[in-house]
Each structure stands twice: as C-alpha cells, then as structure tokens.
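> Would you mind keeping the following structure in view while I ask a few things?
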Amino acid sequence: MNAKPSVSGLPGGGASPPASPEAAPAASFDAFGLPPELVETMDGLGVTEPFPVQAATLPDALAGRDVLGRARTGSGKTLAFGLALLVRTAGRRAEAKRPLALVLVPTRELAQQVSDALAPYARTLKVRLATVVGGLSVNRQVAELRSGAEVVVATPGRLADLVSRRDCHLNHVRITVLDEADQMCDLGFLPQVSDLLEQVPSDGQRLLFSATLDRHVEQLVRSHLDDPVHVSVDPGAGSVSTMDHHVLTVHPADKYATATEIAARDGRVLMFLDTKADVDRFTRHLRAGGVRAGALHSGKSQPQRTHTLARFAEGDITVLVATNVAARGLHIDALDLVVNVDPPADPKDYLHRGGRTARAGRSGTVVTLVTPAQRREVNRMMSDAGVRPTVTPVRSGEATLTALTGARRPPAGAKAGSGNAAFRGLGSRPGRPAKESRKAAEARKAAEARAAARVRRGR
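Each residue of the sequence shown is one higher than the last, beginning at 0 in numbering that gives the first Met the number 0.
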C-alpha cells in the first residue's frame, strides 16, 4: 500500500483539518440517515442524542471515509465507529473464516466490552459478531469463524494466531477499526497490528481511534490510512471539567491505613497498585476487614477477570483493586472515585486510570496517595499529563480525608493515625513487600480479626 499523507496535529502533518464537534449539525441520531429499525433499537436502549465524538465522526464514517479520531476514554468512541461499521456491513454475508469487518483492541476486557455494546444493534441489523481473544477457548472461537461472522472483535495476539493457523482469513475485510491504538502500541502490539493490516485489502476503510497521538500511532496513520478526516474531541483527558484531581500527601507508615479507610467508604472505588502481588495482598487485607473487595490483574484467568468485573459492575463488590490492566477498556457506570494507591510513573497511565471515572459527562474524582519521597516525580508526571491537582496533607482517621474521599473514620476509641500496623506485609514502598516477622503476623491477624468484628457489629 502506498504511503499515506500525514495528519494535521501529528509531526509533519498536513492533511484534513480537525473537524469541529460544535459545527456538527446532528442533534439526534435520526439526522444521520440510520436505518429506522436501528434507531428504534437505540431509542429503546435510551441512546437518543449523540456524544460529540459520534456527531463529529459518523457522517464521514458512514460515507466510507477513513477517520482518525482523538478522544479520551469514555467519550463514546465505541458507537462512533460501531454504528458506521454495522450499517455499512448489514445486508452482506460472510463466508466461513472470512469476516467482512474487523475491530482490533488492546485488551480482552475492551474486546468483550465492545462486543457487548454492539450486540443489540448487530442483532437488529442481522450482523453476526465474533469475539476473538486470548484466555478463552480457541476452539469455540474457531467454530464461530467457521460458521461465518461478518464482524470480528479481536486482540492482536489471538487473531494473529488464528490467521497463522489458517482459521481466519482477512482478504475479505472491507472495514477495519483500530480502537485505543496508542495502548496497542504501548503494549508492544505494533508489529502484529501492522502485519494484520498488511493482509487486509488496501482499498478498504480504516477508522483509527486513540486517546493520544504519538510517533507509533503516526506510523500506523502514515502507512494505513488514506487522507483521513481528523477529529479531535476532548483531547486533554486530564483537564476534563467534570473530573477533580487530588494529591493526598501521606506519611509512608500511614499509607495503607489511609487507603483502607478510603476503601471502606460508602460507594464503589477503583484502586490501583503497581504489582500483582501487592494487589492480591491488599485485597486479602480488605476482605479480612469486612470490605467487599476483588482483585484484577493479568495473573487471573479470563473467566476470573470477567466474573470480578461483573460483580463490581453489579455492586456485589464495592472495591476493585487492580494493576494497570484495568486502566483501559473498563467501563463501569457511575464510578465516581479512582485512587492511585501507588502513583503511576507515566502520564498516559495516569490519564487512563483516571479515565475510568467522569465518563460520558458524569463527574468523578481521582485521588493519588503520595509520600514525601515521591513528590518530585509525581509533580513532574502530573505536569506532563497537563493536570494541576489540589494537594492536601492527610492522615488516616482525619475528617479531611473523609471530606475528600468519603473515607470511613476509625470507630470510637480507635487510635487515629495508627499507621500500617495491620499491613506490614505490604511494605512501606510500592512494589517492595517487607518481610513479616512471626510476631508481626500474629499482631496483624489479631488486628484484622478485631476489624472484621467491628465491621460485622456495625452492619
């Protein structure tokens, strides 16, 4: 395929200027000329007014133009590309193993989320969907492809495996979507994505959506998009007007006690730690204290991850403790608080962690716990992310912590600011667990038992 022109907004850019969402004439989905039965299904699901990214991209996407969309997570990208993909695929039937449209995403969770979001509209238009990801039965996925699927939603690794096994052929694909393209590049999928795109007919439509546009994304744009329409909507994920950013400075010895009180708040909270081991330890500690917590990281099987996410979405568990695996591709309605127990080092990670709240125009808060030794690096990271947080020193048990996060203060008679006595096994620095003595372990278990008893009495 011939090299494509660069895109305005990227280094050396000079293609179509960014579309202005404010100029989009459509105030409802009726204005796009969508099939009446599709609009009826959307109305039944309460989807009546397009988000800015949908209003800005749907006319060109429906017309078959290549689109480069820059929009933060939670802005409505799935329907922005999904409606156009389904409408332009409807009425055609795929042969065995030869899909007509392809959506590539970086994670299993995002693949399932995209499939779930598009499923009701696909049924209305009689378009068959298949989800192709690692961690689940490859035989079932092969069977779906053999029976014929017009649209395949896939992670690059599993799709590449199926293509190499000749269980999937991409020579009939006419529409290709790259969702969260920057994360696919960050995770090292750029070679696989490029190889897969080389097998897709070069004259097909390409829709690329990304929260950030870096040099790796530019490489994909130059090589695989043809004179794309450039749309930029809510590009600054960290400056969302409905999102509050707080840095809470804590003493290292008080960090996990502070995090525990936040976790015990009324309402759900998503908490990020750096390592799988720390996620598991902190989750066990919260459960021992009567907090309904679940762990999510790459060491869990896909069925375990799916089950935990479903329980969190339904409110069966109120705290999701996760590594960066949950920083993208996770949509939970009305999640109003994200806590970085361990601050991320990368500004993009910060923006995407925070992007789990304040979605679809709702408000939300991002809290980052920072020790004095971390302040300089966190300040630099926040500056690179374009975020100016409110900085507040806090201690566990203080009213300030409760006012900012809804944290539950210690019961009457408990010693405020008692530090990490019950959390020795977590260590005082993220990702570096300290060795726990027998005496400390006995004290920890006794403290956890007392905490659990207090919670049970409080209920």
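All C-beta atoms, glycine included, are put in the ideal place defined by N, C-alpha and C.
Quick one: grab the DSSP three-state call for Ile174.
Along the sequence shown, read from residue 1 onward, the residue named residue 174 stands at position 175. Reduced to three states, the DSSP call for Ile174 is strand.
> How about Gly293 and Ile316: do their beta carbons lie closer than 8 Å?
Within the sequence shown, the letter at position 294 stands for residue 293. Within the sequence shown, the letter at position 317 stands for residue 316. Yes, they are a contact pair.
> Over what stretch of residues does the alpha helix (DSSP H) that includes Val369 continue unbroken?
In the sequence shown, residue 369 corresponds to position 370, counting from 1. Val369 -> not in any alpha helix (DSSP H); beta strand (DSSP E) instead, spanning Gly363 to Val369.
> Measure the CB-CB distance between Val151 and Val131 and report whether it falls below 8 Å.
The residue labelled residue 151 in the question sits at position 152 within the sequence shown. The residue labelled residue 131 in the question sits at position 132 within the sequence shown. Against a cut-off of 8 Å, the Cβ pair of Val131 and Val151 comes out as a contact.
> If you drop the 5 nearest sequence neighbours on each side, which residues of the same chain put their C-beta closer than 8 Å to that of Ala95?
The sequence position of residue 95 within the sequence shown is 96, counting from 1. Within the same chain, Ala95 has close Cβ partners Leu144, Arg145, Ser146 and Gly147.
> Quick one: grab the DSSP three-state call for His245.
To locate residue 245, count along the sequence shown from 1; it is residue 246. His245: strand per DSSP, three-state reduction.
> Mind checking whether Phe188 and Lys76 have CB atoms under 8 Å apart?
Here residue 188 is taken as the residue at index 189 of the sequence shown, counted from 1. Here residue 76 is taken as the residue at index 77 of the sequence shown, counted from 1. No, they are not a contact pair.
> Mind checking which residues open and close the alpha helix (DSSP H) that includes Ala83?
Along the sequence shown, read from residue 1 onward, the residue named residue 83 stands at position 84. First-last of the alpha helix (DSSP H) with Ala83: Lys76 to Thr88.
> Note down the Cα distance separating Val102 from Gly81, rounded to an integer number of angstroms.
Within the sequence shown, the letter at position 103 stands for residue 102. Within the sequence shown, the letter at position 82 stands for residue 81. Rounded to whole angstroms, Val102 to Gly81 spans 9 Å at the Cα level.
> Per DSSP, Val66 is paired with what?
Along the sequence shown, one-based indexing puts residue 66 at 67. According to DSSP, Val66 bridges with Leu206 and Val228.
> What do you get for Gln140, buried or exposed, if any count of 16 or more other CB atoms within 10 angstroms of its CB means buried?
Translated into the one-based positions of the sequence shown, residue 140 becomes position 141. With 16 or more Cβ atoms within 10 Å of its Cβ, Gln140 is classed as buried.
> Taking Leu61 as the reference, give the member of Leu85, Leu285, Pro49 and Glu260 with the closest Cα.
Locating residue 61 in the sequence shown gives position 62, counting from the first residue. Cα-wise, what sits closest to Leu61 is Leu85.
> Tell me whether Ser163, by its Cβ, gets closer than 7 Å to a heavy atom of the ligand FAD.
What this structure holds is no ligand at all, so the ligand FAD is not there to describe.
> Tell me whether Lys347 is buried or exposed, calling it buried when 16 or more other Cβ atoms sit within 10 Å of its Cβ.
Here the question's residue 347 lines up with position 348 in the sequence shown. Lys347 comes out buried.
> According to DSSP, simplified to helix, strand and coil, what is Arg291?
Against the sequence shown, residue 291 aligns to sequence position 292. Here Arg291 sits in coil by DSSP.
> For Gly11, name the three-state secondary structure that DSSP assigns.
Sequence index remark: in the sequence shown, residue 11 carries index 12 (1-based). For Gly11, the predicted model reports a pLDDT of 34, less than 50, meaning its position is unreliable; a value from the coordinates is still stated below. Residue state, collapsed to three classes: coil.
> Determine the extent of the beta strand (DSSP E) in which Asn339 is found, giving its start and end residues.
Indexing the sequence shown from 1 puts residue 339 at position 340. Per DSSP, Asn339 belongs to the beta strand (DSSP E) from Leu336 to Asn339.
> Three or more C-beta pairs under 8 Å: does that hold for the segment 244-257 against the segment 205-222?
Counting Cβ pairs under 8 Å, fewer than three are found: no touch.
> Compute the Euclidean distance between the alpha carbons of Gly363 and Lys125, then round it to the nearest angstrom.
Residue 363 sits at position 364 when you count from the first residue of the sequence shown. Residue 125 sits at position 126 when you count from the first residue of the sequence shown. Roughly 37 Å separates the two Cα atoms.
> For a quick check, are the C-beta atoms of Ile174 and Thr56 less than 8 Å apart?
Residue mapping note: residue 174 aligns to position 175 of the sequence shown, counting from 1. Residue mapping note: residue 56 aligns to position 57 of the sequence shown, counting from 1. The answer is no: Cβ separation not under 8 Å.
> Would you tell me roughly how many angstroms separate the C-alpha atoms of Gln191 and Leu117, rounded to the nearest one?
Mapped onto the sequence shown, residue 191 falls at position 192. Mapped onto the sequence shown, residue 117 falls at position 118. Approximately 25 Å, taken between the alpha carbons.
> Going by C-alpha to C-alpha distance, which of Leu78, Arg374 and Val172 sits closest to Val38?
Working through the sequence shown from its first residue, we reach residue 38 at position 39. Ranking Leu78, Arg374 and Val172 by Cα distance to Val38 puts Leu78 first.
> So, do the segment 257-267 and the segment 378-389 have three or more beta carbon pairs nearer to each other than 8 Å?
No, because fewer than three Cβ pairs between the segment 257-267 and the segment 378-389 fall closer than 8 Å, the two stretches do not touch.
> How long is the line joining the alpha carbons of Pro119 and Ile261, rounded to whole angstroms?
Walking along the sequence shown from the start, residue 119 turns up at place 120. Walking along the sequence shown from the start, residue 261 turns up at place 262. Cα-Cα distance, rounded: 37 Å.
> Buried or exposed: where does Val239 fall if 16 or more other Cβ atoms within 10 Å of its Cβ makes it buried?
Along the sequence shown, one-based indexing puts residue 239 at 240. Since pLDDT at Val239 reaches only 49, below the 50 mark, its modelled position is unreliable, and the value read off the structure follows with that caveat. Per the 10 Å Cβ criterion, buried.
> Can a CB atom of chain D be found closer than 8 Å to the CB of Glu197?
Of the protein chains in the structure, only one exists, and it is not chain D.
> So the candidates are Thr248, Leu295, Pro371 and Leu350; which of them puts its Cα closest to the Cα of Met381?
If you number the sequence shown from 1, residue 381 lands on position 382. Met381 has its Cα closest to that of Leu350, out of Thr248, Leu295, Pro371 and Leu350.
> For Gly418, name the three-state secondary structure that DSSP assigns.
Position 419 of the sequence shown, counted from the start, is the residue given in the question as residue 418. Reliability of the predicted coordinates at Gly418 is poor, the pLDDT of 48 falling under 50, and the value obtained from them is presented with this limitation in mind. Coil.
> Straight-line CA distance for Pro342 to Val369?
Against the sequence shown, residue 342 aligns to sequence position 343. Against the sequence shown, residue 369 aligns to sequence position 370. Computed Cα separation, rounded: 7 Å.
> Counting only the same chain and skipping the five closest in sequence on each side, list residues whose C-beta sits under 8 Å from that of Thr307.
Sequence index remark: in the sequence shown, residue 307 carries index 308 (1-based). For Thr307, where only same-chain residues beyond five positions count, the Cβ hits under 8 Å are Gly293, Ala294, Leu295, Lys299, Ile316 and Leu319.
> Buried or exposed for Ser27, please, with buried defined as at least 16 other CB atoms from any protein chain shown within 10 angstroms of its CB.
Here residue 27 refers to the residue found at position 28 of the sequence shown. Ser27 comes out exposed.
> Considering only residues of the same chain and omitting the five flanking positions on each side of Gly418, which have a CB-CB separation below 7 Å?
Here residue 418 is taken as the residue at index 419 of the sequence shown, counted from 1. With a pLDDT of 48 at Gly418, under the threshold of 50, the predicted position of this residue should be treated as unreliable, though the coordinate-derived value follows. Cβ within range, chain order: Ala252, Asp253 and Ala256.
> Answer yes or no: do His223 and Arg205 have a C-beta to C-beta separation smaller than 8 Å?
Taking the sequence shown and counting its residues from 1, one reaches residue 223 at position 224. Taking the sequence shown and counting its residues from 1, one reaches residue 205 at position 206. Yes, they are a contact pair.
> Start and end of the beta strand (DSSP E) containing Phe271?
For this step, residue 271 is matched to residue 272 along the sequence shown. Val268 to Phe271 is the span of the beta strand (DSSP E), which, as asked, contains Phe271.
> Given this structure, state the Cα-to-Cα distance separating Leu336 from Ser193, to the nearest angstrom.
As a first step, residue 336 is located in the sequence shown; it is residue number 337 there, counting from the start. As a first step, residue 193 is located in the sequence shown; it is residue number 194 there, counting from the start. In a straight line, the C-alpha of Leu336 is about 37 Å away from that of Ser193.
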